[in-house]
Amino acid sequence: MQKAELKTFADADEVRTFPHGRLELVRIGGATVGRAVFEPGWRWATSVQPIATTKSCEAPHFQYHVAGVLRIRMDDGTEFDCRPGDVSWLPSGHDAWVVGDEPAVVVDFQGMLEYASASR
1 MQKAELKTFA
11 DADEVRTFPH
21 GRLELVRIGG
31 ATVGRAVFEP
41 GWRWATSVQP
51 IATTKSCEAP
61 HFQYHVAGVL
71 RIRMDDGTEF
81 DCRPGDVSWL
91 PSGHDAWVVG
101 DEPAVVVDFQ
111 GMLEYASASR
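Structural data, given as structure tokens:
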């Protein structure tokens, strides 16, 4: 019989930091959920690309946007803003950056296992 689980990002199983941001990972129910906090000045191309060493972000994301504004630019040129309350699905091949002076906070249900990890 499975047991109920309760965890908090305040006591994350793993925390990864990178310029202008951090990723908190919680492993629960056989899954890994990530909360990313992107500070003003964060951009994937300058903050995470040096770690990932790929042309653009290859991690697919299924995200709930909690705070701030995150602008997404897909490799095909499609561009849009994600705001609090939005849910986004981002396939591989994108860049993203914080718009404005407020941190962008997202909860990601897919794509964070290897995100900003030098062990890729």
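All residue numbers for the sequence shown refer to our numbering, where the first residue is 1 and numbers rise by one. Note that beta-carbon positions come from the ideal geometry of N, C-alpha and C, so glycine has one too. Values in this document were obtained by computation on a predicted structure and should not be read as measured data.
Terminal residues of the beta strand (DSSP E) in which residue i lies
| i | result |
| --- | --- |
| residue 10 | Counting along the chain, residue 10 falls outside any beta strand (DSSP E), and DSSP gives it neither H nor E. |
| residue 117 | Counting along the chain, residue 117 falls outside any beta strand (DSSP E), and DSSP gives it neither H nor E. |
| residue 45 | No beta strand (DSSP E) contains residue 45, which is instead part of the alpha helix (DSSP H) from 44-47. |
| residue 31 | 31-38 |
| residue 21 | 21-28 |
| residue 67 | 61-67 |
7 Å CB neighbourhood of residue i in its chain, flanking five on each side removed
| i | result |
| --- | --- |
| residue 13 | 25, 26, 27 |
| residue 91 | 60 |
| residue 86 | 65 |
| residue 7 | 26, 28 |
Chain B within 7 Å of residue i, Cβ atoms only
| i | result |
| --- | --- |
| residue 53 | Absent from the structure is chain B; it holds one protein chain and no more. |
Expected contact under 8 Å - CB spacing of residue i and residue j to nearest Å
| i | j | result |
| --- | --- | --- |
| residue 39 | residue 21 | 6 Å |
| residue 35 | residue 105 | 7 Å |
| residue 44 | residue 57 | 5 Å |
Contact under 7 Å by Cβ, residue i with residue j
| i | j | result |
| --- | --- | --- |
| residue 68 | residue 19 | no |
| residue 96 | residue 113 | no |
| residue 80 | residue 110 | no |
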